[in-house]
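One structure is given here, and the rest of the page talks about it.
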Amino acid sequence: MTAAFGTALLGALRTLLPRACPGCGAQLGAHAGLCPDCRAALRPHVQHHSPLRARPEPHLVTLGPYSGVRRRAVRELKFAQARDLARILGETLATGVPATWDVQAVIPVPLHPDRQRQRGFNQAELLGRALASALAVPCVPALTRTRATAQQARRQGTQREDLHGAFRAHEGFLPTGPVLLIDDVLTTTSALMHWLRRV
Ligand SMILES: [Zn+2]
Numbered sequence: 001m002t003a004a005f006g007t008a009l010l011g012a013l014r015t016l017l018p019r020a021c022p023g024c025g026a027q028l029g030a031h032a033g034l035c036p037d038c039r040a041a042l043r044p045h046v047q048h049h050s051p052l053r054a055r056p057e058p059h060l061v062t063l064g065p066y067s068g069v070r071r072r073a074v075r076e077l078k079f080a081q082a083r084d085l086a087r088i089l090g091e092t093l094a095t096g097v098p099a100t101w102d103v104q105a106v107i108p109v110p111l112h113p114d115r116q117r118q119r120g121f122n123q124a125e126l127l128g129r130a131l132a133s134a135l136a137v138p139c140v141p142a143l144t145r146t147r148a149t150a151q152q153a154r155r156q157g158t159q160r161e162d163l164h165g166a167f168r169a170h171e172g173f174l175p176t177g178p179v180l181l182i183d184d185v186l187t188t189t190s191a192l193m194h195w196l197r198r199v
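Each step along the sequence shown adds one to the number in full-length UniProt numbering, with nothing skipped, and position 89 is 89.
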């Protein structure tokens with residue numbers, strides 16, 4: 001099958017199959033992932049203030065608070081492995097990454113292997129691949145999680161996870177130069193950065 005024919009077929013299937021926009025419930029029709037209105041509601045922001053840095057400086061790109069369209073889109077990503085949606089979110093994030101950051105690679109925040117087996121995929125990696133592709137850099141799985149701490153911490157209402165020994169970095173995989181860590185929600189990333197500063 002040629003790429004053009006494949007794309008045309010996919011377009012036809014999208015039109016024929018009734019699918020609701022995960023952001024608002026409207027029918028998607030031929031649109032992939034999100035309807036145009038929800039897509040327009042996603043705007044990347046470079047953040048100067050976050051738990052990741054003690055001093056204010058641009059260091060983080062987000063699509064905004066975990067609410068509304070963003071929250072519903074992330075939930076859809078987690079439960080439906082929505083690749084079209086990951087592409088839209090990743091590409092939108094990429095438009096907010098300043099060129100001056102000179103990003104050389106994207107590293108997804110890993111799930112615990114048991115959790116990934118259960119789910120079948122890592123939503124941060126789906127986002128990471130889309131983001132990396134839009135930035136024309138590699139997406140490198142340079143970290144693995146050795147303990148499933150995040151959920152436990154959330155269940156117990158702990159403010160900050162104890163991630164000591166919860167991640168392992170594969171040094172041979174670590175690219176040189178600036179890298180972007182990507183996760184679907186900032187809470188885990190915040191804890192991971194805390195850990196990275198200590199290693
Ligand atoms: Zn929508």
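Don't be surprised by glycine CBs; every beta carbon is placed ideally from N, CA and C.
Contact test: residue i Cβ vs ligand 1 heavy atom, cutoff 8 Å
i, result
"Leu135", "no"
"residue 204", "Nothing about residue 204 can be reported from this structure: the residues present for the chain run from 1 to 199 only."
"Gly68", "no"
"Ala132", "no"
"Ala82", "no"
"Asp114", "no"
"Cys139", "no"
"Asp102", "no"
"Asp37", "yes"
Neighbourhood of residue i by C-beta, 7 Å cutoff - its chain only, sequence neighbours within 5 removed
i, result
"Thr92", "Leu42, Pro44, Leu63"
"Gln116", "Asn122"
"Gly33", "Ala82, Asp84, Leu85, Arg87, Ile88"
Contacting residues, own chain, Cβ-Cβ under 8 Å from residue i (five flanking each side not counted)
i, result
"Pro18", "Gln27"
Beta-bridge partners of residue i, as assigned by DSSP
i, result
"residue 236", "Outside the displayed range of the chain (1 to 199) lies residue 236, so it cannot be described from this structure."
"residue 200", "Missing from the structure shown is residue 200; the chain here goes from 1 to 199 and no further."
"Leu181", "Ile107"
"Gln27", "Ala20"
Near ligand 2: residue i beta-carbon under 8 Å from a heavy atom
i, result
"Gly25", "Questions concerning ligand 2 fall outside what the structure shown contains, since the ligands it does hold are ligand 1."
Supposed close pair residue i, residue j - CB separation, criterion 8 Å
i, j, result
"Pro22", "Ala86", "In fact, because the Cβ distance is near 12 Å, the residues do not count as touching under 8 Å."
"Pro175", "Asp102", "With 8 Å as the limit, Pro175 and Asp102 do not qualify as a contact, their Cβ atoms being about 12 Å apart."
"Leu77", "Asp184", "6 Å"
6 Å Cβ shell around residue i - same chain, five flanking residues per side excluded
i, result
"Pro56", "His48, His49"
"Pro58", "Val46, His48"
Inset, instruction - State whether the stretch 63–82 contacts the stretch 23–43, with contact taken as three or more CB pairs (one from each stretch) at a distance under 8 Å. - result: yes
Legend entry - Inter-stretch contact at 8 Å, needing at least 3 Cβ pairs: the stretch 86–100 / the stretch 140–147: no
Inset, instruction - Inspect the CB distances between the stretch 121–129 and the stretch 94–109 and report whether three or more fall short of 8 Å. - result: yes
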